[in-house]
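The next block holds one structure in the form of structure tokens; read it before the comments.
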Amino acid sequence: MAKHVGVKLPEDLVEVLKSGKAVAVLATFSEKGLPHTTPIQCMYPKGQESILLTIHKDHQGYHNMVWQKKVMISFMAAGNVAYSILGRVGVVRAPSMVHPLMNVVRVDIIDIKSDRSVLTKVDSGVQWSYTSWEAEELLNGLFGELKEITKTM
12 MAKHVGVKLP EDLVEVLKSG KAVAVLATFS EKGLPHTTPI QCMYPKGQES ILLTIHKDHQ
72 GYHNMVWQKK VMISFMAAGN VAYSILGRVG VVRAPSMVHP LMNVVRVDII DIKSDRSVLT
132 KVDSGVQWSY TSWEAEELLN GLFGELKEIT KTM
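Position 114 (the sequence shown) corresponds to 125 in my numbering; numbering is contiguous.
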């Protein structure tokens, strides 16, 4: 059964986000009411009540979040990290300073619930690796931009 956690990021989730290896599922709805999910890898906590993320400017998830302003983000990672975050979004930078096709979005937390189960635990989250040195360079640049924004915004 889901447990309300509050509006501040739990420390174990902050650690996952700062690791640079988090994967989350961003859930949005289109103007027609159709659900849409998007895997997100480039995220960084901004304080305890917001998350910054990057997303392609033409992605359906981006268009949905700009239109609807609310999203759900689901996290599962090693160490039984399992949370869902309801948030309100705002565009921070369009385009990103790193890549003209990427935009930076802030998700201000409305509510966090724990998705941990009494019957099972998350031993391992989704693991990913770079597909090329160019991809690694791009993602490292985007992570750097997110970290810089947390200091200046």
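Ideal placement from N, C-alpha and C gives every residue a C-beta, glycine not left out.
Own chain partners of Glu76 with C-beta closer than 6 Å, once the 5 adjacent residues on each side are dropped: For this step, residue 76 is matched to residue 65 along the sequence shown. For clarity, residue 76 is Met in the given sequence; the question names Glu instead. Closer than 6 Å at the Cβ level, and outside the excluded window around Met76, lie Thr39, Val82, Val100.
Chain-order list of residues whose beta-carbon lies under 6 Å from that of Ile51 (same chain, five-residue window excluded): Here residue 51 refers to the residue found at position 40 when the sequence shown is read from its first residue. The residues are Ala35, Leu37, Leu64.
Once DSSP output is grouped into helix, strand and coil, what is the label at Asn114? Taking the first residue of the sequence shown as 1, we reach residue 114 at position 103. It is a strand residue.
Are the CB atoms of Ile84 and Gly72 within a distance shorter than 8 Å? Within the sequence shown, the letter at position 61 stands for residue 72. Within the sequence shown, the letter at position 73 stands for residue 84. Cβ atoms of Gly72 and Ile84: not closer than 8 Å.
Name the two residues that bound the continuous alpha helix (DSSP H) containing Val27. One-based indexing of the sequence shown puts residue 27 at position 16. Where Val27 is concerned, the enclosing alpha helix (DSSP H) stretches over 22 to 29.
My guess is that Ile120 and Ser61 are in contact by the Cβ rule of under 8 Å, so how many angstroms apart are they, rounded? Residue numbering aside, residue 120 sits at position 109 when the sequence shown is read from its first letter. Residue numbering aside, residue 61 sits at position 50 when the sequence shown is read from its first letter. So it is a contact: roughly 7 Å between Cβ atoms.
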